[in-house]
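K.L.:
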Amino acid sequence: MLFFIASSILAAVMAVTVIFVRLKATKKPASLKKIILPPFFMSTGFLMFVVPVFRVTWMEAGEAFLVGCLFSIFLIKTSKFEKRGGEVYLIRSKAFAAILIILFLVRMAMKTYLGHQISYPETSGLFFIVAFGMILPWRVAMYFGYKKVLQS
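Residue numbers (UniProt numbering): 1 to 152.
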């Protein structure tokens with residue numbers, strides 16, 4: 001129970017941090033590096049699966065990734081770019097912060113439910129895959145949106 005509370009608090013802090021970072025990012029020009037690097041940095045987290053207690057079945061991993069991909073649709077829809085003075089900027093969406101909060105609450109509800117069904121390390125592994133499933137398609141879509149605006 002202590003792990004659940006601690007991880008929930010940490011997740012809430014991270015969610016608030018992401019919201020502030022994303023809102024602040026709209027004030028600076030976007031770049032391919034800023035778009036592409038986060039999934040690469042996050043992918044190092046897959047090393048957790050080297051430790052047997054974190055391992056899940058391929059079916060569970062696939063389902064978790066698909067759930068993340070479904071969640072990413074909301075992020076993709078609220079991430080648009082515009083060209084200003086020769087630079088490309090991410091347009092601040094009024095719905096973005098609300099969507100991140102809603103996705104966080106849905107993930108916490110799922111974590112609470114699944115935490116009673118499977119072990120804590122497996123739950124952690126699955127939700128890492130959900131998060132990666134959210135960020136990868138979102139960043140791929142951002143890449144193509146950025147390139148399209150850059151070329152216009």
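Where is the CB? At the ideal position from N, CA and C, for every residue including glycine.
Span of the alpha helix (DSSP H) holding valine 149?
P.N.:
What you label residue 149 is simply residue 149 of the sequence shown in a count that begins at 1. Looking at the DSSP string, the run of the alpha helix (DSSP H) that includes valine 149 is 120-151.
K.L.:
Is tyrosine 146 buried or exposed, if buried means 16 or more other CB atoms sit within 10 Å of its CB?
P.N.:
Locating residue 146 in the sequence shown gives position 146, where the first residue counts as 1. Buried, because 16 or more other Cβ atoms sit within 10 Å of the Cβ of tyrosine 146.
K.L.:
Figure out for me which residue from Phe128, Gly86, Phe74 and Ile91 has the closest Cα to the Cα of lysine 80.
P.N.:
On the sequence shown, residue 80 is found 80 positions in, with the first residue counted as 1. Here the closest residue by C-alpha is Ile91.
K.L.:
Whose CA, out of Thr57, Ala6, Leu105 and Lys24, lies closest to the CA of isoleucine 118?
P.N.:
Reading the sequence shown from its first residue, position 118 is the one you call residue 118. Taking only the C-alpha atoms, the option nearest isoleucine 118 is Thr57.
K.L.:
In the segment 39-107, which residue ranges form an unbroken beta strand (DSSP E) of at least 3 residues, counting only runs that do not cross its ends?
P.N.:
The qualifying runs are 80-84 and 87-91.
K.L.:
So glycine 133 and glycine 68 are in contact, right, with Cβ under 8 Å, and what is the actual spacing, rounded?
P.N.:
Position 133 of the sequence shown, counting from 1, holds the residue named residue 133. Position 68 of the sequence shown, counting from 1, holds the residue named residue 68. Confirmed, about 2 Å.
K.L.:
For serine 72, count neighbouring C-beta atoms within 10 Å of its own C-beta (all shown protein chains included) and say buried if the count is 16 or more, exposed if not.
P.N.:
The count along the sequence shown starts at 1 and reaches residue 72 at position 72. By the neighbour-count rule (16 or more Cβ atoms within 10 Å), serine 72 is buried.
K.L.:
Going by CA-CA distance only, name the one from Glu87, Leu75, Ala131 and Val88 that's closest to tryptophan 138.
P.N.:
Here residue 138 refers to the residue found at position 138 when the sequence shown is read from its first residue. It is Leu75 whose Cα lies nearest to the Cα of tryptophan 138.
K.L.:
Keeping to the same chain, check which residues put their C-beta closer than 8 Å to that of threonine 123; ignore five residues upstream and five downstream.
P.N.:
One-based indexing of the sequence shown puts residue 123 at position 123. Around threonine 123: Lys111, Leu114 and Gly115.
K.L.:
What is the DSSP secondary structure of alanine 12, reduced to helix, strand or coil?
P.N.:
Residue mapping note: residue 12 aligns to position 12 of the sequence shown, counting from 1. Three-state DSSP puts alanine 12 in a helix.
K.L.:
Quick one: is arginine 22 near chain D, going by C-beta distance under 8 Å?
P.N.:
Looking at the structure shown, chain D is missing, and only one protein chain is on hand.
K.L.:
Taking the C-alpha atoms as reference points, what is the distance between lysine 27 and phenylalanine 128?
P.N.:
By 1-based counting over the sequence shown, the position of residue 27 is 27. By 1-based counting over the sequence shown, the position of residue 128 is 128. The straight-line gap from Cα to Cα measures roughly 29 Å.
K.L.:
To the nearest angstrom, how far is the alpha carbon of phenylalanine 49 from that of serine 43?
P.N.:
As a position in the sequence shown, residue 49 is number 49, starting the count at 1. As a position in the sequence shown, residue 43 is number 43, starting the count at 1. One C-alpha to the other measures close to 12 Å.
K.L.:
Can you give me the C-alpha to C-alpha distance between arginine 84 and alanine 25, rounded to a whole angstrom?
P.N.:
The count along the sequence shown starts at 1 and reaches residue 84 at position 84. The count along the sequence shown starts at 1 and reaches residue 25 at position 25. If I take the Cα positions, the gap works out to 15 Å.
K.L.:
Should valine 13 go down as buried or exposed, given a rule of 16 or more other Cβ atoms within 10 Å for buried?
P.N.:
Against the sequence shown, residue 13 aligns to sequence position 13. Flag for valine 13 reads exposed.
K.L.:
Of the choices Ala131, Met142 and Val140, whose alpha-carbon is the least far from that of alanine 61?
P.N.:
Here residue 61 is taken as the residue at index 61 of the sequence shown, counted from 1. Ranking Ala131, Met142 and Val140 by Cα distance to alanine 61 puts Ala131 first.
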